[in-house]
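Colleague: Going down the list, the sequences are from chains A and B.
Start counting the first sequence at 8; every next residue gets the next number (my numbering).
Start counting the second sequence at 8; every next residue gets the next number (my numbering).
Note that beta-carbon positions come from the ideal geometry of N, C-alpha and C, so glycine has one too.
In this text the structure is predicted, and so the values were computed from the model without any measurement.
Would you mind keeping the following structure in view while I ask a few things?
2 protein chains.
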Amino acid sequence: MIWVKGESLGKGELVGMTQTEPLLAHTSNCVYCAARPLGVCGALGDGEAFRELRDSRRAVRILDAGLPIYRQGDPSGDLFNLVTGWVVQYQDLEDGRRQILRFLVPGALFGYEPTGVKGMCHGAEALTNASLCVVPAARMTELRHRHPAFNERFVWMLERDSHLAFDHMMSLGQRDARERVAHLLLELAVRSTGRLPAARGEVFKIPLNQPLIAEATGLTSIHVNRMLRKLREDDILDFHHGRLTVFDPERLVELAGVSEAMLALWSRASQPMDEALSA
Amino acid sequence: MIWVKGESLGKGELVGMTQTEPLLAHTSNCVYCAARPLGVCGALGDGEAFRELRDSRRAVRILDAGLPIYRQGDPSGDLFNLVTGWVVQYQDLEDGRRQILRFLVPGALFGYEPTGVKGMCHGAEALTNASLCVVPAARMTELRHRHPAFNERFVWMLERDSHLAFDHMMSLGQRDARERVAHLLLELAVRSTGRLPAARGEVFKIPLNQPLIAEATGLTSIHVNRMLRKLREDDILDFHHGRLTVFDPERLVELAGVSEAMLALWSRASQPMDEALSA
DNA sequence: CGCAGTTTTGAAAATCTTCAATCTTGGTGG
DNA sequence: CCACCAAGATTGAAGATTTTCAAAACTGCG
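Shown next, in the form of structure tokens:
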């Protein structure tokens, strides 16, 4: 197994792969995601195309928390499939303001840009220790052409991401600070575990701090702090040091203003059936 | 030619089509978009697949300004290709708050939902008199399968829309009120004409009023009014009654904080080459 | 000319940010 | 085991931005 320091990509380590080599997990496991089988996974299904895709990976990257995966402006060309850990995608303005576009959990495919755009319009970095498969964009396109069911899965994923973005626009534009924070935490709890909080006092591991919540919600971290206190005083939830405790699931869902459809998209209940992908 | 009142769809008129019938334009033309050849157009290209698509249209709908195309919660199943006029897509919260997700100009394809989601997660209505082609979603999927280049065009469009959404998230989360208003007006000017304002005093027709700008930017219409006044006092632009006059193109672009890449996506400079679609 | 939709203005109140500290927490090394 | 450090969390007070409420003026169209 060949290890290469990914110079231009920060200190992440690049692992050369052959088809038969097992994927190397990060030595210190990510506590924020349950153990999953390593390899290309998640949104892309597990049919014939999935196996081809797995064998197409150019490399596997193992990253420490905080390391960049790519930066805004970097040349595009590779897609990434997140295997373990969390990733954040953000966009910067010239003057330093930063908006977090979304948080990714294991299974996500990311790093695509519309053809014709020269460089990446946004950046991505590991939020926790993470491992991801690198697949050349051209290879992904070719795979989509040869496997219609895989192509549909890809299109479904783009459409779902578009809905997640719409939902974030609702938050940023219409919800007040308290609702935005509640909404974000609920979303991440559901997306990372695949289900709604049910029991009072249920705990979720979410690898954020207050400045990150602030960058995602368009607030200052000071104000996020006050909203978290209010949510605690209102007996709805408590969040600190990466631990979300949900005191009142019902009021949280109500406050976050989440629709049934959105809940389904978060909890993958609506993902296309996997048998469709074996074709 | 058969005219059918689209009862459940508001007062829009539904025009039954055969392959050879010409499309009927709205009697009162939309002043906000230049005359274009009628028929399926725009983002979907003009190759072989385009011709098949044109012949696949289930109907053509001619709508007066203000009429709904579909409402949040309506069953999904049809896609729409906007031929003439402007359309707005929005999402409502239970308590009546509304966020405008995006404005569509001729050529847009809209109305898709991730498979598995039962009803529409958002609504759409005509902003001006408009005409659009109705294409069954299943037909679109089938066309994508048979025409790889068409499929790529579709994927490109989804990826571009995702970038537009990211850009709006930047606005809603990071830009202040004045920047948001400036950014929105510039975006619509560029997207509707395909080019940047160049000359001082150039005029663009944009069919919005202050409440609509407010719903798109997450502000109150009162505050939008004040920001428009400030932009006028700062000698950057003037907007009222659907007329945008750009006094200082350079400062407007600067204020809006638009990247080169975004400008390219707005002005379709980066659209995949059409010859790729003739395959 | 009059009406409806749109734009404009003022003043007070709420929300959110800024600035400037202080306090906690978890991890490190002695 | 404890002292210490750095990152993260918390607080107060002042100030800026944005909203709310209430009303008036303007515009284009019939």
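1) For the stretch 132-146 of chain B, list every residue whose C-beta sits within 8 Å of some C-beta in chain A, in sequence order.
2) Look at the alpha carbon of B/A42 and the alpha carbon of B/S138, and state the distance between them as a whole number of angstroms.
3) Which residues bound the alpha helix (DSSP H) around A/S199?
4) Please classify B/V231: does DSSP put it in a helix, a strand, or coil?
5) Go ahead and label B/P121 buried or exposed: buried means 16 or more other beta carbons lie within 10 angstroms of its beta carbon, across all protein chains shown.
6) Does the beta-carbon of A/D174 have 16 or more other beta-carbons within 10 angstroms, so that it is buried, or is it exposed?
7) Please report whether the beta-carbon of A/Y77 lies at a distance below 9 Å from any beta-carbon of chain B.
8) Closest Cβ-Cβ distance between B/Q217 and chain A: below 9 Å?
9) Can you give the Cα-Cα distance for A/Y97 and A/S266, rounded to whole angstroms?
10) Just to confirm the assignment, what range does the beta strand (DSSP E) spanning B/A131 have?
11) Have a look at A/F211, A/A145 and A/G80 and flag the residue whose alpha-carbon is nearest the alpha-carbon of A/R198.
12) Look up A/H247 in the DSSP assignment and give the residues it is bridged to.
13) Check B/D174 in the structure and name its three-state DSSP category.
14) Report, in whole angstroms, the separation of the C-beta atoms of A/R65 and A/P143, which I expect to be a contact under 8 Å.
15) Would you mind telling me which residues of chain A sit closer than 7 Å to B/M234, beta carbon to beta carbon, in chain order?
16) Does the beta carbon of A/H170 come closer than 9 Å to any beta carbon on chain B?
17) Using a Cβ cut-off of 9 Å, which residues of the stretch 151-168 of chain B contact any Cβ in chain A, in chain order?
18) By the criterion of Cβ-Cβ separation under 8 Å, what are the contact partners of A/G225 in chain B?
19) Quick one: is B/E257 buried, meaning 16 or more other Cβ sit within 10 Å of its Cβ, or exposed?
20) Using a Cβ-Cβ distance under 9 Å, would B/V124 count as near chain A?
21) For A/L195, which residues from the same chain have a beta carbon less than 7 Å from its beta carbon, with the 5 sequence-adjacent residues on both sides left out?
22) Give me, in chain order, the residues of the same chain whose beta-carbon lies closer than 8 Å to that of A/R105; leave out the 5 immediate sequence neighbours on both sides.
23) Taking 8 Å as the threshold, find out whether the stretch 246-265 of chain B comes into contact with the stretch 160-173 of chain B through three or more Cβ pairs.
24) Please decide whether A/P113 counts as near chain B, where near means a Cβ-Cβ distance under 9 Å.
25) Mind checking which residues open and close the alpha helix (DSSP H) that includes A/I213?
26) List, in order along the chain, the chain B residues whose C-beta lies closer than 9 Å to that of A/H129?
27) For A/E132, count neighbouring Cβ atoms within 10 angstroms of its own Cβ and tell me buried if that reaches 16, exposed if not.
28) When burial is assigned at 16 or more other CB atoms within 10 Å of the CB, is A/A156 buried or exposed?
29) Report yes or no: is there a C-beta of chain B within less than 9 Å of the C-beta of A/D242?
30) Note down, in chain order, every chain B residue with its Cβ under 9 Å from the Cβ of A/R104.
31) So is B/E240 buried or exposed if we call it buried at 16+ other beta carbons inside 10 Å?
32) To the nearest whole angstrom, what separates the beta carbons of A/A189 and A/L262, a pair I think is in contact under 8 Å?
33) Going by Cα to Cα distance, which pick from B/K237, B/T148, B/T252 and B/V141 is closest to B/I69?
34) Out of curiosity, what's the CA-to-CA distance linking A/L134 and B/L74?
35) Output needed for A/M147: all residues of its chain with C-beta closer than 7 Å, excluding positions within five of it in sequence on either side, in chain order.
36) Excluding the 5 residues preceding and the 5 following A/R151 in the sequence, name in chain order all residues of the same chain whose CB lies nearer than 7 Å to its CB.
Modeller: Here's the rundown:
1) Close to chain A, meaning a Cβ-Cβ distance shorter than 8 Å, is no residue of the stretch 132-146 of chain B at all.
2) Here residue 42 of chain B corresponds to residue number 35 of the second sequence, with the count starting at 1. Here residue 138 of chain B corresponds to residue number 131 of the second sequence, with the count starting at 1. In this predicted model, B/A42 has a pLDDT of only 39, less than 50, meaning its place in the structure is not dependable; the value taken from the coordinates is given anyway. Annotation: B/A42 to B/S138 spans about 12 Å, alpha carbon to alpha carbon.
3) Within the first sequence, residue 199 of chain A is the residue found at index 192, counting from 1. For A/S199, the enclosing alpha helix (DSSP H) begins and ends at A184 to T200.
4) As a working note, residue 231 of chain B is residue 224 in the second sequence. Reduced to three states, the DSSP call for B/V231 is helix.
5) One-based indexing of the second sequence puts residue 121 of chain B at position 114. Around the C-beta of B/P121, 16 or more other C-beta atoms lie within 10 Å, and the residue is accordingly described as buried.
6) Here the question's residue 174 of chain A lines up with position 167 in the first sequence. Counting Cβ neighbours within 10 Å, A/D174 comes out buried, since at least 16 surround it.
7) Taking the first residue of the first sequence as position 1, residue 77 of chain A is located at position 70. Chain B places no beta carbon closer than 9 Å to that of A/Y77, leaving this residue out of the contacts.
8) One-based indexing of the second sequence puts residue 217 of chain B at position 210. False, the Cβ-Cβ gap to chain A never drops below 9 Å.
9) Counting from 1 along the first sequence, the entry for residue 97 of chain A is found at position 90. Counting from 1 along the first sequence, the entry for residue 266 of chain A is found at position 259. Roughly 25 Å between the two C-alpha positions.
10) Against the second sequence, residue 131 of chain B aligns to sequence position 124. For B/A131, the enclosing beta strand (DSSP E) starts and ends at G130 to A133.
11) Position 191 of the first sequence, counted from the first residue, corresponds to residue 198 of chain A. Of A/F211, A/A145 and A/G80, the smallest CA-CA separation from A/R198 is found for A/F211.
12) In the first sequence, counting from the first residue as 1, residue 247 of chain A sits at position 240. Answer is A/R250, bridged to A/H247.
13) For the purposes of this step, residue 174 of chain B is identified with residue 167 of the second sequence, where counting begins at 1. Here B/D174 sits in helix by DSSP.
14) As a working mapping, residue 65 of chain A is identified with position 58 in the first sequence. As a working mapping, residue 143 of chain A is identified with position 136 in the first sequence. At roughly 6 Å, the Cβ-Cβ gap stays under 8 Å, so A/R65 and A/P143 are in contact.
15) The count along the second sequence starts at 1 and reaches residue 234 of chain B at position 227. Contacts between B/M234 and chain A, judged by CB atoms closer than 7 Å, are missing: the closest CB pair is about 15 Å apart.
16) Here residue 170 of chain A refers to the residue found at position 163 when the first sequence is read from its first residue. Yes - at least one Cβ of chain B is within 9 Å of the one on A/H170.
17) Taken in chain order, the members of the stretch 151-168 of chain B whose beta-carbon sits within less than 9 Å of a beta-carbon on chain A are R151, H152, P155, N158, E159, F161, V162, W163, M164, L165, E166, R167 and D168.
18) As a working mapping, residue 225 of chain A is identified with position 218 in the first sequence. Residues of chain B passing the Cβ test: L179, G180 and Q181.
19) Residue mapping note: residue 257 of chain B aligns to position 250 of the second sequence, counting from 1. Counting Cβ neighbours within 10 Å, B/E257 comes out exposed, since fewer than 16 surround it.
20) For the purposes of this step, residue 124 of chain B is taken as the residue at position 117 of the second sequence. Residue contact with chain A for B/V124: present (Cβ-Cβ distance below 9 Å to some residue of chain A).
21) In the first sequence, residue 195 of chain A corresponds to position 188, counting from 1. If we look at A/L195 and ignore the five residues flanking it on each side, its Cβ neighbours are F110 and I213.
22) Position 98 of the first sequence holds residue 105 of chain A. Once the five neighbours on either side are set aside, the close Cβ partners of A/R105 are Y97, Q98, D99 and E222.
23) Contact annotation: the stretch 246-265 of chain B does not touch the stretch 160-173 of chain B, with fewer than three C-beta pairs closer than 8 Å.
24) Position 106 of the first sequence, counted from the start, is the residue given in the question as residue 113 of chain A. No, its Cβ sits nowhere closer than 9 Å to a Cβ of chain B.
25) Here residue 213 of chain A is taken as the residue at index 206 of the first sequence, counted from 1. Per DSSP, A/I213 belongs to no alpha helix (DSSP H) and is neither H nor E.
26) For the purposes of this step, residue 129 of chain A is identified with residue 122 of the first sequence, where counting begins at 1. Neighbours of A/H129 on chain B, chain order: H170 and F173.
27) On the first sequence, position 125 is the one that residue 132 of chain A refers to. A residue is called buried once 16 or more other Cβ atoms fall within 10 Å of its Cβ, and A/E132 is buried on that count.
28) As a working mapping, residue 156 of chain A is identified with position 149 in the first sequence. Buried is the call here.
29) Counting from 1 along the first sequence, the entry for residue 242 of chain A is found at position 235. Closer than 9 Å to the CB of A/D242 there is not a single CB belonging to chain B.
30) Stepping through the first sequence from its first residue, residue 104 of chain A is reached at position 97. M177, G180, Q181, R182 and G264, listed in chain order.
31) Locating residue 240 of chain B in the second sequence gives position 233, counting from the first residue. Residue environment for B/E240: exposed (fewer than 16 other C-beta atoms within 10 angstroms of its C-beta).
32) Position 182 of the first sequence, counted from the start, is the residue given in the question as residue 189 of chain A. Position 255 of the first sequence, counted from the start, is the residue given in the question as residue 262 of chain A. Rounded, the Cβ-Cβ distance is 5 Å, consistent with contact.
33) For the purposes of this step, residue 69 of chain B is taken as the residue at position 62 of the second sequence. Closest option to B/I69, Cα to Cα, is B/V141.
34) Along the first sequence, read from residue 1 onward, the residue named residue 134 of chain A stands at position 127. Along the second sequence, read from residue 1 onward, the residue named residue 74 of chain B stands at position 67. Taking the straight line joining both Cα atoms gives about 45 Å.
35) In the first sequence, residue 147 of chain A corresponds to position 140, counting from 1. Counting only Cβ-Cβ distances below 7 Å, and skipping sequence neighbours, we find L86.
36) Translated into positions along the first sequence, residue 151 of chain A becomes position 144. Annotation for A/R151: F157, N158 and F161 place their beta carbon closer than 7 Å to its own, counting only its chain and skipping 5 residues before and after.
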